[in-house]
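All the letters of the sequence shown, read from the start, carry residue numbers -24 to -1, 1 to 180 under mature numbering (1 follows the signal peptide of the UniProt record, and there is no 0).
Note that CB positions come from ideal geometry on N, CA and C, so glycine has one too.
See below for the structure under consideration.
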Amino acid sequence: MRKWLGGAVVALALVLGACSGEQAAAPRPAENTSVAPPQADQADQREQTALSASTPTEVSIPKIGAHSTLVPLGLNPDETVQVPPVTQPMQAGWYDKAPTPGEIGPAVILGHVDGDHKPGIFYKLKEMAAGDEIFVSRSDGTKVRFVADRVKQVSKDAFPTDEVYGDTTKPELRLITCGGVFDKGARSYKDNIIVFATMQPAGR
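Encoded structure:
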């Protein structure tokens, strides 16, 4: 069961950047959402790679020249996810209801595609591809290296909640921003760009 979500799976239909700053309401998870117990080899992998919880402080993505400190982001009273101020489009944030980067499970980092009439920290996120590196520094002094597995562009109306937030057997990371066509009437982008990445063991 996704206990780390505090009772809500946030669908993060983020309306970022030049959007109005609104977010879609967070849907509730299915009552019996669960994963099968890990097999022996999976358990060994967990022990070898997983880190204890530690607040992430910075994210760096060499492929797209992105570097930012990280601010914690929670939920608004209406259970929509908070986002960094649109007036600070180069500021990224991490969703503090999810695992921290390096723990088992899907850590989540959010950033604007643009804002205040300027490119945002994740303006080039759609240019990422499998094999690209992502580095996350943590308050315990460790730097965690993730490698992108895939990049998806999805309609906000069909956000893959389970794929993004579902339980995993190893430390993973999601990078999320807006993308696609900008709807001037709704003042929001119609799609999300999502990078799925997996932590790599030290020295690999």
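C-alpha distance - residue i paired with residue j, whole-angstrom precision
| i | j | result |
| --- | --- | --- |
| Ala74 | Tyr99 | 24 Å |
| Asp92 | Met66 | 10 Å |
| Val123 | Gly107 | 6 Å |
| Asp159 | Pro61 | 20 Å |
| Ile152 | Arg163 | 18 Å |
| Lys132 | Gly117 | 36 Å |
| Ser36 | Leu149 | 13 Å |
| Val140 | Lys94 | 28 Å |
| Gln64 | Arg121 | 26 Å |
| Gly(-4) | His88 | In this prediction, Gly(-4) scores a pLDDT of 41, lower than 50, which makes its location untrustworthy; the coordinate-derived value is nonetheless stated afterwards. Approximately 10 Å between the Cα atoms of the pair. |
| Leu86 | Pro136 | 16 Å |
| Asp143 | Pro177 | 20 Å |
Secondary structure of residue i, DSSP reduced to three states
| i | result |
| --- | --- |
| Pro38 | helix |
| Ala68 | strand |
| Asp167 | strand |
| Ala83 | strand |
| Thr45 | strand |
| Pro3 | For Pro3, the predicted structure reports a pLDDT of 32, less than 50, and the residue's modelled location is therefore unreliable. The matter cannot be settled from this model. |
| Glu55 | coil |
| Ala134 | helix |
| Thr31 | coil |
| Thr63 | coil |
| Thr25 | helix |
Residue interval of the alpha helix (DSSP H) (run including residue i)
| i | result |
| --- | --- |
| Asp138 | 137 to 141 |
Neighbourhood of residue i by C-beta, 6 Å cutoff - its chain only, sequence neighbours within 5 removed
| i | result |
| --- | --- |
| Lys119 | Phe111, Ser113 |
| Ala42 | Ile97 |
The beta strand (DSSP E) enclosing residue i, as first and last residue numbers
| i | result |
| --- | --- |
| Val123 | 119 to 131 |
| Ser113 | 109 to 114 |
| Asp92 | Neither: Asp92 is in no beta strand (DSSP E) and is coded neither H nor E. |
| Val157 | 147 to 159 |
Residue of the options minimising C-alpha distance to residue i
| i | options | result |
| --- | --- | --- |
| Ala83 | Thr45, Pro177, Val127, Phe172 | Phe172 |
| Trp70 | Ile80, Ile170, Gln58 | Gln58 |
| Asp90 | Gln176, Thr174, Cys154, Gly161 | Cys154 |
| Asp138 | Gly81, Asp54, Ala68 | Gly81 |
| Glu34 | Gly142, Gly161, Thr76, Asp54 | Thr76 |
| Glu109 | Ala178, Lys39, Lys102, Ala134 | Lys39 |
| Leu49 | Gly78, Asp72, Ser28 | Asp72 |
| Ser30 | Leu86, Glu79, Val127 | Glu79 |
| Met175 | Gly161, Gln64, Ala105, Asp125 | Asp125 |
| Met104 | Ile85, Phe135, Thr145, Val127 | Val127 |
| Leu27 | Pro53, Ile85, Thr145 | Thr145 |
| Ala134 | Ser115, Ile170, Lys102 | Ile170 |
Contacting residues, own chain, Cβ-Cβ under 7 Å from residue i (five flanking each side not counted)
| i | result |
| --- | --- |
| Gly156 | Gln129, Tyr165, Lys166, Asp167 |
| Thr45 | Thr33, Glu34 |
| Gly161 | none |
| Val47 | Pro60, Gln67, Gly69 |
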